[in-house]
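J.: I have a structure here, written as structure tokens, and I will follow up with some questions on it.
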Amino acid sequence: TVGCVVVDAQGRCAAATSTGGLMNKMSGRIGDSPLIGAGTYACSLCGVSCTGEGEAIIRGTLARDVAAVMEYKGLGLQEAVDYVVKERLDQGKAGLIAVSKNGEVAYGFNCVGMFRGCATEDGFMEVGIWE
Amino acid sequence: MGGWAIAVHGGAGVDPNLPVERQEEAKQLLTRCLNIGISALRSSLPAIDVVELVVRELESDPVFNSGRGSALTEKGTVEMEASIMDGAGRRCGAVSGITTVKNPISLARLVMDKSPHSYLAFSGAEDFARQQGVETVDNDYFITEDNIGMLKLAKEAKTILFDYRIPPVGLDTCSSAVDSPLQMNGLPLTVYAPE
């Protein structure tokens with residue numbers, strides 16, 4: 569699975585996710601990536617793209633939950649990402665990337681590594697795999 | 596307003612024994628895609644255009660599990676899926692069961708912009724692709740030798756493998772994937788072996 573989340577200079581958030589699914593999957597199996605609110609979500613507050621064990625991401629409505637705890641609990645972006653990865657995945661293994669309308673960027677995962685990269689307008693840039 | 600920001604991912608759950616050169620290859624692709632997004636943002640492209648542009652690039656490179664280089668179904672074919680969402684107005688588009696569209700994320704974008712729906716799947720999505728005139732290719736375009744090897748591994752182990760690359764070279768390095776007590780929906784993955 570691959571994904572990208574952006575907040576532009578006007579504070580508009582967007583998210584996109586694309587995947588081939590699971591190796592050896594049954595034909596017709598639908599994972600989290602095409603499900604808005606599970607693998608992908610964006611609103612006025614943030615944009616989120618998820619990857620990993622699709623069934624767990626669907627059960628946890630992961631992407632929407634990041635926006636929901638920001639909206640209802642007033643958490644910041646990284647707090648929201650950490651909360652959702654810790655509290656919503658049960659035993660599922662997954663990771664996600666997110667941006668907020670304030671120009672923040674965050675990621676979290678509870679499995680062995682995630683291919684990810686992020687950058688912000690003030691010059692921060694990072695690419696990594698492991699913790 | 597805090598300025599622009601961007602993040603990309605290429606999948607979670609990475610084989611701890613992934614060879615260093617594969618790690619470097621993945622990081623170079625992530626860096627290249629990040630830079631494409633950064634220059635688009637500096638040119639004031641809207642966020643929804645930037646995420647589509649970057650994911651198209653990721654789909655076209657076989658390093659990760661999307662577009663070319665997608666994981667294979669139990670039949671050895673490719674069935675892709677994608678979704679996109681614009682935070683402004685919460686508009687969204689999604690597709691599943693995509694077998695011939697070169698860049699599924701762009702088809703998802705067209706569902707959002709050019710259809711009255713949010714989600715189209717399988718033959719309906721493929722028909723929509725023809726109507727919209729998006730670029731289509733044979734299903735073979737998406738299939739790589741690496742993934743044919745991984746599917747063989749998965750079938751031998753009677754498992755479904757996650758979103759990560761296990762190099763067919765050095766097959767013994769794959770045992771970590773097979774032996775690890777990975778579960779899905781609380782059950783050992785082996786339960787999901789094809790009948």
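Chains A and B are the protein sequences, given in the same order. Here the working numbering is used: the first residue of the first sequence is 569, the next is one more, and so on. Here the working numbering is used: the first residue of the second sequence is 596, the next is one more, and so on. Cβ atoms here follow ideal geometry from the backbone N, Cα and C, with glycine treated the same way.
Under three-state DSSP, which class holds B:K823?
T.: A question about residue 823 of chain B goes unanswered here, because the residues of chain B that appear run from 596 up to 790.
J.: Output yes if chain A places a C-beta closer than 8 Å to the C-beta of B:V764; else output no.
T.: Per-residue confidence for B:V764 stands at a pLDDT of 42, beneath the threshold of 50, marking its modelled position as unreliable; no derived number is given.
J.: Taking beta-carbon pairs under 7 Å, can you tell me which members of the stretch 637-664 of chain B lie near chain A?
T.: S639, P641, A642, I643, V645, V646, E647, V649, V650, L653, E654, F659, N660, S661, G662
J.: Tell me whether A:S617 is buried or exposed, calling it buried when 16 or more other Cβ atoms sit within 10 Å of its Cβ.
T.: Result: buried.
J.: Where are the alpha helix (DSSP H) runs, 4 residues long or more, that stay fully inside the stretch 607-693 of chain B, in chain order?
T.: 615-637, 642-655
J.: Taking a contact to mean a Cβ-Cβ separation below 8 Å, would you say B:G605 touches A:A577 in this structure?
T.: no
J.: Who does A:A582 pair with in a DSSP beta bridge?
T.: A:V574, B:D681
J.: Go ahead and label B:I601 buried or exposed: buried means 16 or more other beta carbons lie within 10 angstroms of its beta carbon, across all protein chains shown.
T.: buried
J.: Taking any Cβ of chain B, which residues in the stretch 571-588 of chain A have a Cβ under 8 Å from it, in chain order?
T.: G571, C572, V573, V574, V575, D576, A577, Q578, G579, R580, C581, A582, A583, A584, T585, S586, T587, G588
J.: Name the DSSP beta bridge partners of A:K593, please?
T.: B:T668
J.: Decide if the stretch 648-660 of chain B is in contact with the stretch 624-632 of chain B; the criterion is three or more beta carbon pairs, one per stretch, under 8 Å apart.
T.: yes
J.: Can A:G685 and B:V609 be called in contact, C-beta distance under 8 Å?
T.: no
J.: When the cut-off is 8 Å and only beta carbons count, does B:A621 lie next to chain A?
T.: yes
J.: Counting along the chain, where does the beta strand (DSSP E) carrying A:A610 start and finish?
T.: 608-610
J.: Any beta-carbon of chain A closer than 8 Å to the one on B:R685?
T.: yes
J.: Using a C-beta to C-beta distance shorter than 7 Å, which residues of chain B count as neighbours of A:G641?
T.: Correcting the residue type first, residue 641 of chain A is Lys in the shown sequence and not Gly. Within 7 Å Cβ-Cβ: nothing; A:K641 doesn't reach chain B, min ~19 Å.
J.: Apart from the five residues just before and just after B:K750, which ones in its own chain have a Cβ nearer than 7 Å to its Cβ?
T.: Result list for B:K750: empty, nothing under 7 Å.
J.: Check whether the stretch 626-636 of chain A touches the stretch 595-610 of chain A, counting contact only when three or more Cβ pairs, one atom from each stretch, lie closer than 8 Å.
T.: yes
J.: Throw me the rounded Cβ distance for the B:V673 and B:S661 pair, which I believe falls under 8 Å.
T.: Actually they do not touch by this definition, with Cβ atoms about 10 Å apart.
J.: Residues of chain B with CB under 8 Å from A:R632, in chain order?
T.: The contact set of A:R632 on chain B, defined by CB atoms closer than 8 Å, is empty, because the minimum CB distance reaches about 10 Å.
J.: Run through DSSP, which three-state label would B:V732 get?
T.: coil
J.: Give the range of the beta strand (DSSP E) segment to which A:R684 is assigned.
T.: 682-688
J.: Helix, strand or coil for A:F677? Go by DSSP, reduced to three states.
T.: strand
J.: So what does DSSP say about A:E699, is it helix, strand or coil?
T.: coil
J.: What residues from the stretch 601-628 of chain B come within 9 Å of chain A, judged by C-beta to C-beta, listed N to C?
T.: I601, A602, V603, H604, G605, G606, A607, G608, V609, D610, P611, L613, Q618, A621, K622, Q623, L624, L625, T626, C628
J.: Of all Cβ atoms in chain A, is any one closer than 8 Å to the Cβ of B:G598?
T.: yes
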